[in-house]
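> Going by the UniProt record's numbering, the first residue of the sequence shown is number 1, and it counts up by one from there. Note that beta-carbon positions come from the ideal geometry of N, C-alpha and C, so glycine has one too. This structure is in structure tokens; I'll ask about it shortly.
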Amino acid sequence: MPDPTFVNYSHPSDQTDRLNRRIVASYIGTHYRNRSRPSARKAAKADELSPKGSPGGLTVEDARPPKGRTLSRSRSRNSSPGSSQASVGSLHPRSLGHDRHGYRSDPFSAYPIEFRDCIPAAVDYFLHYYGPAHLIRPEVLSAEAGAIALRQYFQYALQNSLMFEALVALAQANLTAHRWSDGPDKDALFHYSRSLQRLREVLSQQHGYAPDAILFTIIALMGVDFMMNDIVAFEMHLGGLRQIVALRGGVDQLGWPTILKPYLIGMESFWAYMAKNNTKELLHSIPSPSYLDLQHPYHRYPVAGLDELISPLPAGFRALALHYRLSVPVMTLVNRVVTSSRYINQVEGRFGAVSPGPPNAANMQETEYAVRLLACTDLTLVERSVCIGMLTSILDRTRTERFSPLYIQHMRYHAEELCLWQDMFEDRDRDLAEFYLWVAIDIAGTMMPPKIPFLPRDYKEDARFRLLMVVMQKYGHLGWTQALAILEKFIAEPRGVESWHNSWKLGVKHMDEMHP
1 MPDPTFVNYS HPSDQTDRLN RRIVASYIGT HYRNRSRPSA RKAAKADELS
51 PKGSPGGLTV EDARPPKGRT LSRSRSRNSS PGSSQASVGS LHPRSLGHDR
101 HGYRSDPFSA YPIEFRDCIP AAVDYFLHYY GPAHLIRPEV LSAEAGAIAL
151 RQYFQYALQN SLMFEALVAL AQANLTAHRW SDGPDKDALF HYSRSLQRLR
201 EVLSQQHGYA PDAILFTIIA LMGVDFMMND IVAFEMHLGG LRQIVALRGG
251 VDQLGWPTIL KPYLIGMESF WAYMAKNNTK ELLHSIPSPS YLDLQHPYHR
301 YPVAGLDELI SPLPAGFRAL ALHYRLSVPV MTLVNRVVTS SRYINQVEGR
351 FGAVSPGPPN AANMQETEYA VRLLACTDLT LVERSVCIGM LTSILDRTRT
401 ERFSPLYIQH MRYHAEELCL WQDMFEDRDR DLAEFYLWVA IDIAGTMMPP
451 KIPFLPRDYK EDARFRLLMV VMQKYGHLGW TQALAILEKF IAEPRGVESW
501 HNSWKLGVKH MDEMHP
């Protein structure tokens, strides 16, 4: 009997070819028609149930090809120049024959990299949370168009082993960051290292930088750099990213305009914010991008008038807008965070909270707008404080990036800023004083996130703790109910309230120790 090999029909006449028909008929007869004895199959299936929680109800053994036989995969016609050079290859003995995501055009093809047990969960996480929350930007894509773009993006990654490896490293790092204790996850480090090796090999080739997959790969590696607190690698990758974009003629000459261009602009916005707020550890050796203007926040959807911006704001922000003439960009940021809260306040379910809306990148969109504002030099102190509070609200309640030590460093930096400005927020101005209480407790709450029962030993040296004690000296005489009534004049949601309460109890405890 001929060896049952996958047959790729490239022409209609191939379907009537006698040899091809024999191969296909033999495979179908072996794997689909010989299914008598249903009771025996049922008993065998009961013995081979996959472990609880395995994706798709499949074990690795279920997905292995029959012993002594190999399955081949054909290269997609739409593969980019940087995609895998192997057009036919036998599957790795631990490769999954298929997954449950419906992204396979060939049901017998495998992941384009060596299978590891972490890959299905990482892919699942990317497709259902990380991808939508970073790629589907409401200002660029509708929900339907975003779902299509994400599907195309993942199919493109399946055609390029380098991009797929980096995608797995990024997803695995974000999926496991909340439980890192003695260093990054081993699987994330493995795929990160493999991605770097593959990237060096590809870039050593002539025009190896040409495929868009190279840019997607570098962006994914930068995401892992941030989670691992490796600011030097982050900056070096950004420098390489800029050179490749320049070689290709600028962001407008790249492919994937609804995903890649916003992603690149977002990375540059974030870097401008980091460079302004954390100058000690940066190399500052890379040139500024010539293809972007980051001096001012980007244009948002126009509004009919100030009434449309101010009326939806919570009472506390409405008072600030009316009495202190907040600029239109700052009011726009607050307005978008408030009116899009269904999408902004998304926390991945694995971390203990339920997302109130279908994931999209509204939170990332507003995060980038906030950091663009914080990188500006023409904000008033009140406006800058508002942007700090908005950034804290979005990041600490919605993004896995909050688990990065770099995020903690920036929160400490902003806490130091607010400590220096305490005299401006005096009790004689009630609106400013109440706002100062909100932004201070919001930042202090990042020390005590929900479900984290302990504080670091040196927490008293943390600028966030010092900021907490500054406001406790003014408001410590209030009960928690009274304090919460003030805080809810601004932006409040369940996860934030829990962090606030933890911070308030910590402040009361130390006030009692200071004044027994």
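Looking at the structure shown, is residue 308 part of a helix, part of a strand, or coil, going by DSSP?
If you number the sequence shown from 1, residue 308 lands on position 308. Helix, per DSSP.
> Out of curiosity, what's the CA-to-CA distance linking residue 498 and residue 403?
Locating residue 498 in the sequence shown gives position 498, where the first residue counts as 1. Locating residue 403 in the sequence shown gives position 403, where the first residue counts as 1. Cα to Cα, residue 498 sits roughly 18 Å from residue 403.
> Could you tell me how far apart the beta carbons of residue 519 and residue 440 are, in whole angstroms, since I believe they sit closer than 8 Å?
Examination of residue 519 is not possible in this model, given that the chain is present from 1 through 516 alone.
> Could you check where the alpha helix (DSSP H) with residue 336 kicks off and where it finishes?
Position 336 of the sequence shown holds residue 336. Element bounds for residue 336: 328-339.
> If you follow the alpha helix (DSSP H) that residue 474 is in, where does it begin and where does it stop?
Here residue 474 corresponds to residue number 474 of the sequence shown, with the count starting at 1. Run containing residue 474: 463-475, per the alpha helix (DSSP H) assignment.
> Can the beta-carbon of residue 375 be found closer than 8 Å to that of residue 273?
Position 375 of the sequence shown holds residue 375. Position 273 of the sequence shown holds residue 273. Their beta carbons are under 8 Å apart, which means residue 375 touches residue 273 by this criterion.
> Taking residue 372 as the reference, give the member of 181, 271, 414 and 142 with the closest Cα.
In the sequence shown, counting from the first residue as 1, residue 372 sits at position 372. With distances taken between Cα atoms, residue 372 lies closest to 271.
> Just list the alpha helix (DSSP H) runs in the region 155-194, keeping only unbroken ones of 4 residues or longer that don't cross its boundaries, in chain order.
Fully enclosed alpha helix (DSSP H) runs of 4 or longer: 161-176.
> State the DSSP-derived secondary structure class of residue 433, mapped to helix, strand or coil.
In the sequence shown, the residue the question calls residue 433 occupies position 433. Note: residue 433 maps to helix in three-state DSSP.
> Taking the straight line between their C-alpha atoms, what separation do you get for residue 503 and residue 385?
Sequence index remark: in the sequence shown, residue 503 carries index 503 (1-based). Sequence index remark: in the sequence shown, residue 385 carries index 385 (1-based). In a straight line, the C-alpha of residue 503 is about 19 Å away from that of residue 385.
> Mapping DSSP to helix, strand and coil, what is residue 198?
As a working mapping, residue 198 is identified with position 198 in the sequence shown. Helix, per DSSP.
> Around the C-beta of residue 367, are 16 or more other C-beta atoms found within 10 angstroms, so that it is buried, or is it exposed?
Locating residue 367 in the sequence shown gives position 367, where the first residue counts as 1. Under this definition residue 367 is a buried residue.
> Considering only residues of the same chain and omitting the five flanking positions on each side of residue 165, which have a CB-CB separation below 7 Å?
For the purposes of this step, residue 165 is taken as residue 165 along the sequence shown, with counting starting at 1. Only 113, 191, 194, 195 and 198 meet the Cβ criterion.
> Out of 148, 139 and 184, which has the shortest C-alpha to C-alpha gap to residue 127?
To locate residue 127, count along the sequence shown from 1; it is residue 127. The shortest C-alpha separation from residue 127 is found at 148.
> Using a threshold of 7 Å, is the CB atom of residue 385 nearer than that to any non-hydrogen atom of the ligand SAH?
Ligands are entirely absent from the displayed structure, and the ligand SAH is therefore not among its contents.
> How big is the Cα-Cα spacing for residue 315 and residue 334?
The residue labelled residue 315 in the question sits at position 315 within the sequence shown. The residue labelled residue 334 in the question sits at position 334 within the sequence shown. Rounded to the nearest angstrom, the two C-alpha atoms are 12 Å apart.
> Say whether the region 114-134 touches the region 163-177, bearing in mind that this needs 3 or more beta-carbon pairs closer than 8 Å, one atom from each stretch.
The answer is yes - the region 163-177 touches the region 114-134, with three or more Cβ pairs under 8 Å.
> Decide yes or no for the touch test of the region 141-155 against the region 183-190: beta carbon pairs closer than 8 Å, at least 3 of them.
Flag = no, the region 141-155 and the region 183-190 do not touch.
> Could you spell out where the alpha helix (DSSP H) holding residue 245 opens and where it closes?
Looking up residue 245 in the sequence shown gives position 245. Start and end: 231-247.
> Quick check: what's the CA-CA separation for residue 90 versus residue 389?
As a position in the sequence shown, residue 90 is number 90, starting the count at 1. As a position in the sequence shown, residue 389 is number 389, starting the count at 1. In this prediction, residue 90 scores a pLDDT of 37, lower than 50, which makes its location untrustworthy; the coordinate-derived value is nonetheless stated afterwards. One C-alpha to the other measures close to 54 Å.
> For residue 485, count the other beta carbons within 10 Å of its own beta carbon; 16 or more makes it buried, fewer makes it exposed. Which is it?
For the purposes of this step, residue 485 is taken as residue 485 along the sequence shown, with counting starting at 1. Label assigned to residue 485: exposed.
> Rounded to whole angstroms, what's the CA-CA distance from residue 328 to residue 306? Just pull it up for me.
Translated into the one-based positions of the sequence shown, residue 328 becomes position 328. Translated into the one-based positions of the sequence shown, residue 306 becomes position 306. Roughly 8 Å between the two C-alpha positions.
> Helix, strand or coil: which one does DSSP assign to residue 425?
One-based indexing of the sequence shown puts residue 425 at position 425. If DSSP states are grouped into helix, strand and coil, residue 425 belongs with coil.
> According to DSSP, simplified to helix, strand and coil, what is residue 20?
The residue given as residue 20 occupies position 20 in the sequence shown. Correct three-state label for residue 20: helix.
> Could you check the C-alpha separation between residue 250 and residue 115 for me, to the nearest Å?
For this step, residue 250 is matched to residue 250 along the sequence shown. For this step, residue 115 is matched to residue 115 along the sequence shown. Cα to Cα, the separation comes out at about 36 Å.
> Below 8 Å between beta carbons: does that hold for residue 264 and residue 245?
Your numbering for residue 264 matches position 264 in the sequence shown. Your numbering for residue 245 matches position 245 in the sequence shown. Taking 8 Å as the Cβ cut-off, residue 264 and residue 245 qualify as a contacting pair.
> Does DSSP put residue 106 in a helix, in a strand, or in coil?
Here residue 106 corresponds to residue number 106 of the sequence shown, with the count starting at 1. Any reading at residue 106 is ruled out, since the residue's pLDDT is 44, under 50, leaving its predicted position unreliable.
> Can you tell me the Cα-Cα spacing of residue 380 and residue 339, whole angstroms?
Within the sequence shown, the letter at position 380 stands for residue 380. Within the sequence shown, the letter at position 339 stands for residue 339. Using only the alpha carbons, I get a separation of about 24 Å.
> One question on the structure: do residue 241 and residue 260 come within less than 8 Å of each other, judged by their Cβ atoms?
The count along the sequence shown starts at 1 and reaches residue 241 at position 241. The count along the sequence shown starts at 1 and reaches residue 260 at position 260. Taking 8 Å as the Cβ cut-off, residue 241 and residue 260 do not qualify as a contacting pair.
> Between residue 224 and residue 275, how many whole angstroms is the CB-CB distance? I'm expecting something under 8 Å.
If you number the sequence shown from 1, residue 224 lands on position 224. If you number the sequence shown from 1, residue 275 lands on position 275. About 20 Å separates the two Cβ atoms, so there is no contact after all.
> Along the chain, where does the alpha helix (DSSP H) that runs through residue 135 open and close?
By 1-based counting over the sequence shown, the position of residue 135 is 135. From DSSP, the alpha helix (DSSP H) with residue 135 extends over 131-135.
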